[in-house]
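A short write-up of the structure that comes next.
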Amino acid sequence: MKRLGAVVVIALAGFVAALVQFDNAAAGSCMEEPDPGSSHSAAFAAPVDTGQESQVLLLSRDGRPVSGAHVCLSTEMEGMTGMGMSADAREVAPGRYEVPIRFPMPGTWEVTVAVAREEGAAPEVAVPMKVDVKSSGMG
Amino acid sequence: MTTAGGAIPATRAAPRSPRAATWAAFRACVVRDLTVLDKNLQRFVPSAVLQPALLVFVFTYLFPLIGQPVGGEQGAARFSTLLLPGIVAHSIIFAGIFTVGMNLMLELDAEELEDRVLAPAPIATAAVAKIVAGALQAFVAALIVFPVAAFLPATDVDLQVDWPVFLTVLPLACIAAGSLGLALGTLFEPRSGPLLFSVVALPMSFFGAVFYTWDSLEPVPVIQDAVLANPLLYMSEGLRAATVAGVDHLSLAVVYGVLAGFAILLAVVGVHGFRRHVLT
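Now the structure itself:
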């Protein structure tokens, strides 16, 4: 059964190579388990509707704006785990971050805000928040 | 060397205990099936590679490239991530249905199993060996999916393996697939092979949470309840729990319990059918 053995070895090598590739991909993602006990707080600056192409996020810690952080949002529609998205945010003012993310459906969305000291660093905290997304009425 | 009077001393191997004989027959049956697989690799490998490769290629490479990513521009990576465990489960169950089930139908039809059931072991030994050999084939088919899904998609796949869950759900899913193959192989006849595909395999794969999570079926409660009868659902959800962080999935206790239940139930049905076939 040498040929079968060779196929198994190749499949195992492919599996290991795939895990390495997934690890590399995970390093660029911000999907994190939320940390509800964090001293950080996050909220969108304005009500959110399905027509907005980007959102402004306000991020603070103990009431003070968090500046200079690498912020990444991942979202999941409540009850529809296949509707998830994630995007990196860009700081536009101290504690104000613009996120190029559009919520495609009205309803309640669970958002996790991953905050890292700098880009590429592991997130220090993942802040959970819920957003009630309205319909923009534009179909 | 001669003996006095020209008598030849009788030589006889020490008799084996029934348990040892059963174990020897079981191993021989498994090795025999794996040897057949070795001879048929030119059929097994393309079928194990092509099906997941096509699914991954169309849904996670082609669709984003032509501007129709599933989940939208921002959700495409999430969809690719959720799809991977579904496709692993899909490959596992297809290996069970077609490598074990179809081959068994042909062997039963050609009465090729007589030699194995003549072994000094219970008839169920050959049937259980089919499940084990099928589970090993399903395991190889599952491994093959990972490199396909790692390098083919146009978007990142964010997999975070929970090893204890992965290393327990994967073998359990493979055994359940082997049991399903045994049961189907004894319930269907070779000429009903196309029926097996269109009536069993296809609905099973579309309603097995391969392309979506069970949780996301909440808006359609009738379907959400109906798919609970599908063993593929528990494989997909279990593997999703084992590989994707932050995703809602069926409780692991339910996944383990129902998969084990399916494996046992289908094995009992399969062994019963196997015995009925070889004794008539």
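Quick mapping for you: the protein sequence lines, in order, are chains P and H.
Heads up, the first sequence is in our numbering, so the first residue is 936 and it goes up one at a time.
Heads up, the second sequence is in our numbering, so the first residue is 11 and it goes up one at a time.
All C-beta atoms, glycine included, are put in the ideal place defined by N, C-alpha and C.
Keep in mind the model is a prediction, meaning the values are calculated, not measured.
In the DSSP assignment, Ser1021 (chain P) forms a beta bridge with P:Ser1009.
Here the stretch 270–282 of chain H makes contact with the stretch 177–196 of chain H; the two share three or more CB pairs at distances below 8 angstroms. Met1040 (chain P) is not bridged by DSSP to any residue.
Phe156 (chain H) has a beta carbon lying within less than 7 angstroms of a beta carbon in chain P. Annotated three-state conformation of Val80 (chain H) is coil, per DSSP.
Arg938 (chain P) reaches chain H at Asp48 and Leu51, counting residues in chain order whose Cβ is nearer than 7 angstroms. Straight-line measurement puts the Cα of Asp997 (chain P) at about 6 angstroms from the Cα of Ser974 (chain P). The bridge partners DSSP lists for Tyr1032 (chain P) are P:Leu992 and P:Glu1026. Rounded to whole angstroms, Arg53 (chain H) and Leu153 (chain H) show a C-alpha spacing of 17 angstroms.
Three or more Cβ pairs drawn from the stretch 58–68 of chain H and the stretch 91–107 of chain H lie within less than 8 angstroms of each other, which places the two stretches in contact.
Of all residues in the stretch 970–989 of chain P, none is placed with a Cβ closer than 8 angstroms to any Cβ belonging to chain H. With 16 or more other Cβ atoms inside 10 Å of its own Cβ, Ala183 (chain H) counts as buried. Closest in C-alpha terms to Leu262 (chain H), from the list H:Val179, H:Val288 and H:Ile233, comes H:Val179. For the 7 angstroms CB-CB criterion, Leu994 (chain P) and Val1034 (chain P) do not form a contact. Between the stretch 209–226 of chain H and the stretch 166–173 of chain H there are fewer than three C-beta pairs closer than 8 angstroms, too few to call the two in contact.
Val279 (chain H) sits in a helix when the DSSP states are folded into three classes. Under the three-state reduction of DSSP, His287 (chain H) is assigned to helix. Within the same chain, Ala143 come within 6 angstroms of Asp43 (chain H) by CB-CB distance, once the 5 residues on both sides are set aside. In the DSSP assignment, Lys1069 (chain P) falls outside any alpha helix (DSSP H), carrying neither H nor E. Inter-residue distance for Ala131 (chain H) and Ala139 (chain H) is about 12 angstroms (C-alpha atoms, whole angstroms). Here Gly1003 (chain P) is exposed: its Cβ has fewer than 16 other Cβ atoms, across all protein chains shown, within 10 Å.
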